[in-house]
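In this note's numbering, the protein residues as written are 10 to 353.
Don't be surprised by glycine CBs; every beta carbon is placed ideally from N, CA and C.
Just so we're clear, the structure is a prediction, and the values are computed from it rather than from any experiment.
Below is one structure; the comments refer to it alone.
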């Protein structure tokens with residue numbers, strides 16, 4: 010199978026869905042720019058022009074409302090945010106309208122609005138431009154929320170979203186954009202709520218989302234040299250969440266580390282831990298560990314930013330703390346392994 014980068018896969022999915030369905034249109038700030046939202050909208054604009062790839066002003070809430078109204082009248086808007094932080098300005102429309110539409114109108118039809126939000130560190134952009142709101146949007150019934158971690162899923166989940174009738178939020182980490190991987194040429198959808206085993210292992214389960222899937226695989230490579238088998242579960246979507254694949258993996262390994270690009274409190278990592286505690290508590294041989302951001306806003310300084318974001322090393326530390334229980338040792342609870350660096 011041919012390989013594409015993550016951003017190329019998004020671009021291809023957009024163009025293919027626009028070709029097969031004239032009701033699909035793209036909205037966003039700078040989607041017609043020569044850089045094309047990190048390349049993801051460039052080909053669509055070149056092919057379909059301003060009639061279907063529409064540059065919008067800095068008015069996120071208004072744009073979300075217009076997109077929902079368009080969807081209610083038969084169109085399929087794809088709204089793009091180059092910084093997901095500005096999606097907070099669109100929350101009223103997404104949460105109070107899009108998410109609740111089908112329920113409030115007695116299943117008489119939903120509003121198939123798809124929203125892409127780009128997240129991730131890069132150059133010390135500070136607290137207001139560093140957040141990943143997947144858990145925030147995942148809290149609300151009526152929305153699908155996904156965090157594709159591979160080029161194939163970046164394409165497949167977008168195809169599924171643009172063909173479905175449920176409002177969808179896709180959170181893309183910009184640090185994944187250069188990642189290459191096999192991607193089918195056809196527009197093959199990837200269903201929501203179905204995770205994948207990114208790597209098999211017997212000793213500890215690492216459940217991860219977005220960029221942390223790649224970091225978990227790096228950690229698994231390091232731990233394999235010590236004879237420790239790590240099973241990496243890529244959840245793909247936050248809502249619906251594939252409880253089954255998570256619990257079946259933990260039932261095999263008996264140990265769980267959850268790795269996320271956001272905070273531990275009230276987040277994705279907390280939800281996964283709760284699912285396991287409620288479903289297969291007897292399977293756990295050691296306490297759950299969460300590898301997440303420190304419990305404070307992001308710094309601006311580039312060196313501090315590098316220290317702020319966890320990665321493979323912290324996942325390795327958390328896994329070693331759990332596997333130590335197998336040797337009769339007490340697990341170590343460190344700030345990196347726990348994902349908690351004190352109250353802000």
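Within the region 89 to 157, the beta strand (DSSP E) runs of at least 3 residues that lie entirely inside it are, in chain order, 123 to 128 and 153 to 155. Judged by beta-carbon spacing, residue 265 lies beyond the 8 Å limit of residue 328, meaning their Cβ atoms are not closer than that value.
Within the model, the alpha-carbon separation for residue 195 versus residue 109 is close to 32 Å. Under the Cβ criterion (8 Å, minimum of three pairs), the region 154 to 169 counts as touching the region 187 to 202.
Annotated three-state conformation of residue 174 is coil, per DSSP. Here the C-alpha atom of residue 253 lies approximately 16 Å from the C-alpha atom of residue 209.
In this structure, the alpha-carbon of residue 32 lies about 46 Å from that of residue 312. Per the coordinates, the alpha-carbon of residue 74 lies some 47 Å from the alpha-carbon of residue 291.
In the structure shown, the three-state DSSP call for residue 45 is coil. Under the DSSP definition of a beta bridge, residue 217 partners with 243 and 268.
With a contact defined as Cβ atoms closer than 8 Å, residue 242 and residue 228 miss out at about 13 Å. As the crow flies, the alpha-carbon of residue 24 is around 23 Å from that of residue 219. The continuous alpha helix (DSSP H) containing residue 28 extends over residues 15 to 29.
By the C-beta density criterion, residue 174 is exposed, having fewer than 16 other C-beta atoms within 10 angstroms. Under the criterion of beta carbons closer than 8 Å, residue 180 and residue 126 qualify as touching, at roughly 5 Å. Pairing residue 20 with residue 58, the inter-Cα distance amounts to about 15 Å. Pairing residue 65 with residue 37 gives a Cβ-Cβ distance under 8 Å. In the DSSP annotation of this structure, residue 185 is not part of any alpha helix (DSSP H), being labelled neither H nor E. Assignment of residue 274 by DSSP, reduced to helix, strand and coil, places it in the coil class. An exposed status is given to residue 150, since fewer than 16 other beta-carbon atoms sit within 10 Å of its beta-carbon.
Per DSSP, reduced to three states, the secondary structure at residue 74 is helical. In the DSSP annotation of this structure, residue 295 is not part of any beta strand (DSSP E), being labelled neither H nor E. Sequence-distant Cβ neighbours of residue 122 in its own chain, meaning closer than 6 Å and more than five residues away, are 76, 77, 80, 86, 107 and 176. For residue 86, the secondary structure class from DSSP, reduced to helix, strand or coil, is strand. For residue 212, there is no enclosing beta strand (DSSP E), as DSSP marks it with neither H nor E. With respect to residue 245, residue 203 sits close: the two C-beta atoms are nearer than 8 Å.
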